[in-house]
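In the working numbering, the protein residues as written are 1 to 286.
Just so you know, even glycine gets a beta-carbon here, dropped at the ideal spot from N, CA and C.
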């Protein structure tokens with residue numbers, strides 16, 4: 001009986017030591033799991049915050065991209081309109097310049113032919129009349145009146161010098177065409193100046209939008225780096241938590257098994273001791 005009791009005490013001591021080991025390991029893993037859970041929750045919150053901020057920034061970047069594209073199309077369209085207007089100006093300017101040159105040469109030819117009282121002048125009245133179509137109505141009528149004075153049917157390019165009135169009429173025409181050429185040039189200069197200012201303003205808007213977009217893209221890049229680092233840390237912490245949980249599950253199962261086995265052995269040993277004690281008591285009585 002003393003031997004069984006001694007073995008029981010020895011086994012109890014060993015089980016107590018093992019039970020302490022189980023408790024220490026379980027407490028340590030539970031603390032680690034709790035700590036990992038808090039970290040994971042924090043990582044999840046950071047990921048959600050960063051993802052929301054990146055989504056909002058991407059939306060703003062998209063708006064800037066749309067603005068830049070719209071402004072670019074507007075600049076391109078206005079450039080086409082301006083180029084067309086300038087092309088029309090060049091045509092009109094060339095036409096007026098041609099008429100001015102023709103009238104000037106006609107005046108010089110008539111002046112040089114005074115002594116002969118006749119001249120052969122290369123003056124295209126149809127050209128002058130056509131060019132006058134771009135003038136205001138009162139000026140156009142003035143040109144038509146002047147042409148009627150100097151133009152004879154069948155003699156569009158050649159006529160006999162008669163008086164200084166024709167030269168005066170041509171000089172008046174020359175002033176008219178020079179004035180209108182000057183006005184045309186001034187209007188084109190003013191139009192081009194206004195266009196260039198408007199274009200510059202639009203281009204500045206594009207530059208500002210591109211600058212703002214680039215700044216937001218830099219912020220997004222930084223936040224995406226933070227998000228990537230957070231996800232990586234979250235993955236590592238989750239793996240550690242899973243490992244700790246698996247260890248705790250195995251430990252719990254083994255410790256429960258050992259406890260069940262110990263309870264069974266303790267019960268058996270108690271029964272053995274009872275039997276032995278009963279037998280000893282009976283022997284003592286006999």
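Residue 135 carries a coil assignment under DSSP once its states are collapsed to helix, strand and coil. Only exposed fits residue 250, as fewer than 16 other CB atoms lie within 10 angstroms of its CB.
Beta-carbon to beta-carbon, residue 231 and residue 47 are separated by about 6 Å, close enough to satisfy the 8 Å threshold.
Residues of the same chain with a CB within less than 7 Å of the CB of residue 131, apart from the 5 flanking positions on each side, are 95, 96, 99 in chain order. Here the alpha carbon of residue 88 sits roughly 52 Å from the alpha carbon of residue 53. The beta carbon of residue 216 lies closer than 6 Å to those of 57, 60, 61 in the same chain, with the five residues before and after it left out. In this structure, 64 is the residue among 45, 108, 64, 219 with its C-alpha nearest to the C-alpha of residue 208. By a beta-carbon distance limit of 8 Å, residue 247 contacts residue 29. Their separation comes to about 6 Å. In this structure, the CA atom of residue 24 is about 12 Å from the CA atom of residue 252.
In this structure, residue 196 sits away from residue 67, with a CB-CB distance that is not shorter than 9 Å. The C-beta separation of residue 103 from residue 167 comes to about 11 Å, leaving the pair out of contact by the 8 Å criterion. Straight through space, the alpha carbons of residue 111 and residue 194 are spaced by roughly 44 Å. Residues 71, 74, 75, 78 of the same chain have their beta carbon placed closer than 8 Å to that of residue 202, with the five preceding and five following residues left out of the count. Here the alpha carbons of residue 141 and residue 83 stand approximately 31 Å from one another. By the beta-carbon neighbour count (other beta carbons within 10 angstroms, threshold 16), residue 257 is exposed.
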